[in-house]
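Student: Chains as they are written, first to last, in UniProt numbering: chain A, 1 to 447; chain B, 1 to 447.
Yeah, the Cβ is synthetic: ideal placement off N, Cα and C, and Gly gets one too.
1. Suppose the cutoff is 7 Å on Cβ atoms and the five residues either side in sequence are ignored; what does the same chain contact list for residue 128 of chain A look like?
2. As an exercise, report each continuous alpha helix (DSSP H) stretch of at least 4 residues that is fully enclosed by the region 99–156 of chain B, in chain order.
3. Should residue 450 of chain B be flagged as near chain A, meaning a C-beta pair shorter than 7 Å?
4. Could one say the Cβ of residue 98 of chain B lies closer than 7 Å to chain A's Cβ atoms, at least one of them?
5. On the DSSP bridge assignment, give the partners of residue 328 of chain A in chain order.
6. Would you check if the distance between the CB atom of residue 410 of chain A and the CB atom of residue 139 of chain A is smaller than 7 Å?
7. Am I right that residue 91 of chain B and residue 231 of chain B are in contact with their C-beta atoms under 8 Å? What's the rounded C-beta distance?
8. Listed from N- to C-terminal order along the chain, which residues in the region 401–424 of chain B have their beta-carbon within a distance smaller than 7 Å of any beta-carbon of chain A?
9. For residue 306 of chain A and residue 331 of chain A, what's the separation of their Cα atoms in angstroms?
10. Alpha carbon to alpha carbon, what distance is there between residue 436 of chain A and residue 421 of chain A?
11. Three-state secondary structure (DSSP) at residue 350 of chain A?
12. With distance defined between alpha-carbon atoms, name the residue in A/189, A/399, A/413 and A/141 nearest to residue 21 of chain A.
13. In three-state DSSP terms, what is residue 297 of chain B?
14. Residue ranges of each alpha helix (DSSP H) run of no fewer than 4 residues wholly in the region 7–75 of chain B, ordered along the chain?
15. Between residue 402 of chain B and residue 394 of chain B, how many whole angstroms is the CB-CB distance? I'm expecting something under 8 Å.
16. Given this structure, state the Cα-to-Cα distance separating residue 69 of chain B from residue 447 of chain B, to the nearest angstrom.
17. Classify residue 126 of chain B: buried if its beta carbon has 16 or more other beta carbons within 10 angstroms, exposed otherwise.
18. Please report the straight-line C-alpha distance between residue 71 of chain B and residue 80 of chain B, rounded to a whole angstrom.
19. Examine the Cβ distances between the region 376–388 of chain B and the region 423–432 of chain A and report whether three or more of them are shorter than 8 Å.
20. In its own chain, which residues sit with a C-beta less than 7 Å from the C-beta of residue 412 of chain B, not counting the 5 before and 5 after it?
21. Are there three or more Cβ pairs, one per stretch, closer than 8 Å when the region 149–159 of chain A is compared with the region 49–62 of chain A?
22. Rounded to the nearest angstrom, what separates residue 316 of chain B and residue 290 of chain B at their Cα positions?
23. Do you know offhand how far residue 257 of chain A's Cα is from residue 322 of chain A's?
24. Going straight from the alpha carbon of residue 340 of chain A to that of residue 220 of chain B, what length do you get?
25. Have a look at the DSSP bridge pairing and note the partners of residue 375 of chain B.
26. Assuming residue 199 of chain A and residue 310 of chain A are in contact, meaning their beta carbons sit under 8 Å apart, how far apart are those beta carbons, in whole angstroms?
27. Below 7 Å between beta carbons: does that hold for residue 235 of chain A and residue 358 of chain A?
28. Please list, in chain order, the residues of the region 215–234 of chain B that have any C-beta partner in chain A closer than 7 Å.
29. Per DSSP, residue 411 of chain B is paired with what?
30. Determine, for residue 379 of chain A, whether the minimum Cβ-Cβ distance to residues of chain B falls below 7 Å.
31. Between residue 263 of chain B and chain A, is the shortest Cβ-Cβ distance under 7 Å, so that the two count as touching?
32. Does the region 175–191 of chain A come close enough to the region 16–34 of chain A that 3 or more CB-CB pairs lie under 8 Å?
33. Going by beta-carbon coordinates alone, are residue 106 of chain B and residue 385 of chain A separated by less than 7 Å?
34. May I have the straight-line CA-CA distance separating residue 419 of chain A from residue 373 of chain B, to the nearest angstrom?
35. What is the DSSP secondary structure of residue 181 of chain B, reduced to helix, strand or coil?
36. So, does the CB of residue 178 of chain B fall closer than 7 Å to a CB anywhere in chain A?
So this is what it looks like as structure tokens:
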């Protein structure tokens, strides 16, 4: 058996145990992990310093070094608090989605259950270890974690502490030692991505390149997104004040965010449409405009600073992640929808309009995980959606879509509770009994 | 552009239109397809006769020929009625799963939406064309259908009629011509399985071999199951009468069904456990028993007809699909669960017991899509679950699990309806406003 197969099998076995534990048992180990990490802050900080020194000596970019630093500001305390916050969330497992009487004393339940085994691959930010450990155990899943090589020392020290805590408390909390496994080398990852018999879901947390590479090298479902190519359509019936505010927020509040806007589609029939462009320019945005936009813009404005030519073959499919935006005219809501359904990465797209008919059409026709009317695309976020925590943002079309909370780490099972019933007594399988099929009120169920 | 890419792109474009249509529009074309097929029964029968003649001349097995015959008994009428039944189901699209006030005049909705584009691959049964056409259009999905070569003439004739009906009614129902595309050659399928940019879900309906081959040759999610290896654990506290009835039903009611039992795990502490085996033997079942079972069985029974040796390395992972069953002892519910979580295909597994503690542990610990207490595994079926229709039975762990109704062909989207709100006004993105995050009663929502 290969090392990867052995890791994956251990995780599967641990997942099978986790699945049977109560919320209390799963949460109690999280409080203990919180305490263990807190008590060992000094050794974690020493390990983190090593990573930071190595990072500086290898000329890692300033922004990457900043991400590595676990003790910058209140980052470490926030990480610890995050574990407790997840432990205190409502139990995502064992919720009855629906209950149905199939016949007398034969009742069908659809009940939430853990997915099973998660493989989580992340880059430099070491606090993800604590976050993912908490999310996985809370939702009854076993997790295999792989951190980036830049944070290897921090990662090793934190995983040592987590493993010690789990081991010391296995007898009382029943959370098994294999519940969280931490692996170090890149080779292990490519092997693990082949273990589709044991691993149920891969969650990459990192750059577009990482996500794209993982998606192309595994048959295991991937929860995440590579690109966040978000568009905003400013309709001819837009309130121009709203359009300006929304565009400036969506582009400049955090340009590196996956929910930042990358394409502005504007209807030239909107009065003073160029004011939207001027607002963006005033906020330091460079506009990549189509020929037609450039021509008409010049008719109304004397300067064209911050205006460059659009490369139509590339810029509509590009996540700038900077103060740049592609700008083109569309003549109707239908044309905007067509553009978006062709170029969007199915993350988040918005319409700005006071015309409710156009808005409803847009909301119904756009095929993205989040679709907005008169709001900034920046709202696409688990915390803003009120999910308590965020596992990631998914652009897949099945399983979890959009910002994903703890619910994205559970699936469901059917339970049928009977009294010896057999199919051949019923119509369709040789018998004469009819099915009752009466839905029961979920709120009155206690199982 | 390859032929497959062109087919897939056409489907995507059609799906984008279907997504915007009302339930009335989607259902109305189904009534018209029903009428068209009914009016052309004679030409369909003639085409079906051709397929049957060819099948007989190529020595196709009797059971396959039987499946090909669309006019045997009331099969054709049942097929036609099925289209109307699906049209009359509740609209699966546009249901509000939850609604949440994010802030004043900023409301988040989670709403069901079509998956997009389905690729459905099926074997000999030609009535699947009508069934899948109805399911796809009702749920707002575009479908690409590929039938088996044995039913090619029937398939061609039915697809000609469906296409004509869609084309003639495009102006009134708005259902686009590309909503259902029918393809003929096997080469097209392998190409289509690579079109993961345009196709969202593959649904194979046919033999284990077909499903396994498709799963291994695409990155598109597959809804279905290869094996149905179902187990029943008869606990030491089982009611032996219930155990006998359940086992005989689960094994003999329809041995070729994916929900038939393949493995009997029996606790030797159960008084007169061998009576369960005798019931199976009396009903013509051959038992593949472990050495220990054989030894102890002989102590209580004089003959051992219908008893053969178990091949432990193979028989626990085998779907017999015949009047055969693997039989082994397990000493506890825990041991039964361990066996099942190791060997089961995650379809349906059951415990027979009067001990509720053992039952609850089993229900919680077994990792299959359906888990039963004191009921036959044969209940695992969309119609028996009361889903109105069945798309298939899925053993995947994410998206739809177990018997899948029309709900398995929809996903969800988030809609955010605002009044110009921007993220930077709120806490966490630079502002001072707090989020409200108040859940709204879904029943009072009308959007």
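Tutor: Here's the rundown:
1. Against the first chain, residue 128 of chain A aligns to sequence position 128. Taken in chain order, the residues that qualify are 122 and 205.
2. 128–138
3. Absent from the structure is residue 450 of chain B, since the part of chain B shown begins at 1 and ends at 447.
4. Taking the second chain and counting its residues from 1, one reaches residue 98 of chain B at position 98. Judged by the 7 Å Cβ criterion, residue 98 of chain B is not in contact with chain A.
5. As a position in the first chain, residue 328 of chain A is number 328, starting the count at 1. Bridge partners of residue 328 of chain A: A/265.
6. On the first chain, position 410 is the one that residue 410 of chain A refers to. On the first chain, position 139 is the one that residue 139 of chain A refers to. In contact: residue 410 of chain A and residue 139 of chain A (Cβ atoms closer than 7 Å).
7. Taking the first residue of the second chain as 1, we reach residue 91 of chain B at position 91. Taking the first residue of the second chain as 1, we reach residue 231 of chain B at position 231. Their Cβ separation, rounded to whole angstroms, is 38 Å, which puts residue 91 of chain B and residue 231 of chain B out of contact at 8 Å.
8. 401, 402, 411, 412, 413, 414, 415, 416, 417, 418, 419, 420, 421, 422, 423 and 424
9. To locate residue 306 of chain A, count along the first chain from 1; it is residue 306. To locate residue 331 of chain A, count along the first chain from 1; it is residue 331. Their backbone Cα atoms lie some 24 Å apart in a straight line.
10. Taking the first chain and counting its residues from 1, the one referred to as residue 421 of chain A is at position 421. Taking the first chain and counting its residues from 1, the one referred to as residue 436 of chain A is at position 436. So the alpha carbons of these two residues sit roughly 14 Å apart.
11. Walking along the first chain from the start, residue 350 of chain A turns up at place 350. If DSSP states are grouped into helix, strand and coil, residue 350 of chain A belongs with the strands.
12. Residue numbering aside, residue 21 of chain A sits at position 21 when the first chain is read from its first letter. The shortest Cα separation from residue 21 of chain A among A/189, A/399, A/413 and A/141 belongs to A/141.
13. In the second chain, counting from the first residue as 1, residue 297 of chain B sits at position 297. Residue 297 of chain B: helix per DSSP, three-state reduction.
14. 23–39, 41–57 and 62–68
15. The residue given as residue 402 of chain B occupies position 402 in the second chain. The residue given as residue 394 of chain B occupies position 394 in the second chain. About 7 Å; that satisfies the 8 Å criterion.
16. Working through the second chain from its first residue, we reach residue 69 of chain B at position 69. Working through the second chain from its first residue, we reach residue 447 of chain B at position 447. Going by the C-alpha atoms only, they are around 46 Å apart.
17. The residue given as residue 126 of chain B occupies position 126 in the second chain. It is buried - the Cβ of residue 126 of chain B has at least 16 other Cβ atoms within 10 Å.
18. Working through the second chain from its first residue, we reach residue 71 of chain B at position 71. Working through the second chain from its first residue, we reach residue 80 of chain B at position 80. Cα-Cα distance, rounded: 12 Å.
19. yes
20. On the second chain, position 412 is the one that residue 412 of chain B refers to. Result list for residue 412 of chain B: 97, 110, 111, 112 and 113, in chain order.
21. yes
22. As a position in the second chain, residue 316 of chain B is number 316, starting the count at 1. As a position in the second chain, residue 290 of chain B is number 290, starting the count at 1. Roughly 11 Å between the two C-alpha positions.
23. By 1-based counting over the first chain, the position of residue 257 of chain A is 257. By 1-based counting over the first chain, the position of residue 322 of chain A is 322. Rounded to whole angstroms, residue 257 of chain A to residue 322 of chain A spans 9 Å at the Cα level.
24. Indexing the first chain from 1 puts residue 340 of chain A at position 340. Indexing the second chain from 1 puts residue 220 of chain B at position 220. About 22 Å.
25. Within the second chain, residue 375 of chain B is the residue found at index 375, counting from 1. BP columns for residue 375 of chain B point to A/421.
26. Within the first chain, residue 199 of chain A is the residue found at index 199, counting from 1. Within the first chain, residue 310 of chain A is the residue found at index 310, counting from 1. Between residue 310 of chain A and residue 199 of chain A the Cβ distance is about 42 Å, and since that is not below 8 Å, they are no contact.
27. If you number the first chain from 1, residue 235 of chain A lands on position 235. If you number the first chain from 1, residue 358 of chain A lands on position 358. Yes; because the gap between Cβ atoms is below 7 Å, this pair is in contact.
28. 219 and 221
29. Counting from one through the second chain, the residue named residue 411 of chain B turns up at place 411. Per DSSP, B/113.
30. Indexing the first chain from 1 puts residue 379 of chain A at position 379. So yes, residue 379 of chain A belongs to the interface.
31. Sequence index remark: in the second chain, residue 263 of chain B carries index 263 (1-based). Chain A contact via Cβ: absent.
32. yes
33. Walking along the second chain from the start, residue 106 of chain B turns up at place 106. Walking along the first chain from the start, residue 385 of chain A turns up at place 385. In this structure, residue 385 of chain A does not lie closer than 7 Å to residue 106 of chain B by Cβ.
34. Position 419 of the first chain, counted from the first residue, corresponds to residue 419 of chain A. Position 373 of the second chain, counted from the first residue, corresponds to residue 373 of chain B. Roughly 8 Å separates the two Cα atoms.
35. The residue labelled residue 181 of chain B in the question sits at position 181 within the second chain. Correct three-state label for residue 181 of chain B: strand.
36. Locating residue 178 of chain B in the second chain gives position 178, where the first residue counts as 1. By this cut-off, residue 178 of chain B is not an interface position.
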